[in-house]
Structure formats: C-alpha cells, structure tokens
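Below is one structure, written out as structure tokens, with a few remarks after it.
Numbering (the numbering used here), first residue to last: 559 to 904.
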C-alpha cells in the first residue's frame, strides 16, 4: 500500500484596489484648542476654590453626603459624608454626574446605578448636596509660567506643550498608518481563506500566549480561570484577528508580486551577510544551514512582505478623523533635541 503526501499550497488572493487605499489616522498635529486644553489642565492644578450660590456644573467641586445600598445593605466604600466630588469626572459611578448636574445646595437626590456585576440588581444611591465651589483658574501670563513651569514666558510654555503633544501624536499616527493600512488591505481580500490557515494562525497565537505566561511563571489553566474563559472561548476570541492576519499575509504577497518587490538572489545574499556579520559567522555556511531547513524561501517571503508594506504605507492616501488630507511631512517627529543642541552650540 502506498500513501502520497498531501501538501496544501498557499493560495494566491486578489487585493484589487490596493493602489488606491485611503487610510484614516489621528491627526499628528495638535490643534490650538487641544493645546489650550492642556494649558488649562495645568492651570487647574493651581486653581483656587470659591463657594458659589448657583446650580452645580461640570468642573465644580460639589460637597456631598453619599449613601449607596445594594438591597438593604450599605455598600462598603460608597457611604460617606462631606465628600468632595469633581463634577464631570465620572468617578464612583457614571450616573452621579448626570444626576448632580443642575443640582443646588440642599437638594436630596435619589437614583439607581448599574452594579459592576451585570447579573446583580442595581445599586441605590441617596445624595445630599451641601456646597458648590467653582475652580478659579490663575491668569495665564508670564508670571504664571515662571512660577509653575521651567519657562519664563507663556509663549515658551505653549511652544513646549505643543512640541510634546505633537511628538506623542506623531508616534500614535505612525503606528496607526501601519495598523490601519493592514486592516484596509485585509478588507480588499474577498477570496475564501482556507480554514486550515486560520486554524494554524489561531494555534500560533495560543502557543505564543502560553509561552508568555510560562515566562511569567503562570499556568495557562489558572489564567483562563482568572479571566473567565475556556480554551474554546479563547480560540473563538482569536479567530477574527487570526483571519485578518492571514488575509494581510496573503495580500502582501500579492502586492509584492504585482509591484516587483520580491527580492532576487543577490538581495538574499546581502541580507544573509548582514545576519552573519554580528556573530562572525561565514555567510555561505549560514546560507547553507538556512537552505537545509527550508528557510531561504521563508526569508524571501518575509522580505517581500516587508517591502510591500513599506510601499503601501508610502502610497496610501492619509486623512484625519474629519476627512482632511494629512501631509506626510507631518508624520516626521519634531526635532526638539536637535534644535536645543544647536542653540547650545551657538
């Protein structure tokens, strides 16, 4: 009796439209309003509280007596007097804000709030408003900047705040370019993906999780119990991202073929030489070992996919949440350090 091995071939997929992708990312440049808000947050740290005789509004400090019960029993930690609550903070439970807005001194408010456990009955709250104080922010002038920051002027303080915000937003935007381009590319794939490829990706993700847990000294069974999952529900949770990852893999291979980005043998030799360099290995010996275990084709595929992703991220149309086009130069990080070094040299 003879058995012929069955090898499942990786399918080719269509990624029609890849050369006209439009990707939404966070705007890497902070608006004047966003910078103003951060400056105001700094001012709030030095605000003075002043008692007011009006209804409570967001950002007010409201002194309240609060009592929470579940059934007929008081809820530990949610029953106290003279509690200073920042209206609009969303602290304690979200329902407090909506019930305190517009309340005045002397008002007694009763309402229900969802229990953290959805299986439990709602919590009952009783609140008495005792005092309303508004935060009076200090004037935004050079004296404020000198007293509360490392800068001499408001202009310098604002400029530094903008640079810090733009650096953070630029990092977020660059990460979003990669992630959202991959998601958009996966969305172009309408071909049916072999179930075996999805299952293999799910298993790889589970094995990766198991290894990370073991490195932390954790047992996978204990982890599943702690997060309220089973092996089956974990696999189901991984299914959607696994299918998307397979689509991205196949689509990148397709783009690499169409754009002529698959590396030739000379490029493979260059990369292997770079890999061998740090450890002093002989490139030819390393290449032979890679070929022996069938890794040359995997290396070629990885380089092709990397080149395809670089091509895509360089060519996709970028827009912010409002649909406004984003200039790629805005994705370059602010050169704060270089500017400071230049000033010091002068």
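Just so you know, even glycine gets a beta-carbon here, dropped at the ideal spot from N, CA and C.
All figures in this text were calculated on a predicted structure; none of them were measured in a lab.
When DSSP assignments are scanned along the stretch 805-877, the uninterrupted stretches of alpha helix (DSSP H) that are 4 or more residues long and fall wholly within it turn out to be 823-834, 841-850 and 854-873. Under the three-state reduction of DSSP, residue 743 is assigned to helix. Three or more beta-carbon pairs separated by less than 8 Å are not found between the stretch 620-637 and the stretch 591-600, which leaves the two stretches without contact.
Under the DSSP assignment, residue 780 falls in the alpha helix (DSSP H) whose first and last residues are 778-784.
Counting C-beta pairs closer than 8 Å gives fewer than three between the stretch 632-643 and the stretch 718-726, which falls short of the contact rule. The shortest C-alpha to C-alpha distance from residue 582 to any of 737, 843, 804 and 763 is the one to 737. DSSP assignment within the stretch 589-625 yields the following whole alpha helix (DSSP H) runs of 4 residues or more, N-terminal first: 590-602. Cβ atoms of residue 609 and residue 689 come within 8 Å of each other, at about 6 Å.
Taking every protein chain shown into account, the CB of residue 812 has 16 or more other CB atoms within 10 angstroms, so this residue is buried. The three-state reading of DSSP puts residue 682 in strand, counting E and B together. A straight-line Cα-Cα distance of about 12 Å links residue 614 and residue 693. With a contact defined as Cβ atoms closer than 8 Å, residue 709 and residue 718 qualify at about 6 Å. Put simply, the backbone Cα of residue 889 is about 15 Å away from that of residue 589. Three or more beta-carbon pairs separated by less than 8 Å link the stretch 796-805 to the stretch 746-754, which places the two stretches in contact. Between residue 841 and residue 830 a beta carbon distance of about 5 Å is seen, short of the 8 Å cut, so the two are scored as contacting. Judged by DSSP in its simplified three-state form, residue 632 adopts strand. Beyond the five residues adjoining it in sequence on each side, residue 877 comes within less than 7 Å, by CB distance, of 580, 582, 883 and 884 in the same chain, given in chain order.
Restricting attention to 782, 685, 675 and 869, the CA atom closest to the CA of residue 816 is found in 869.
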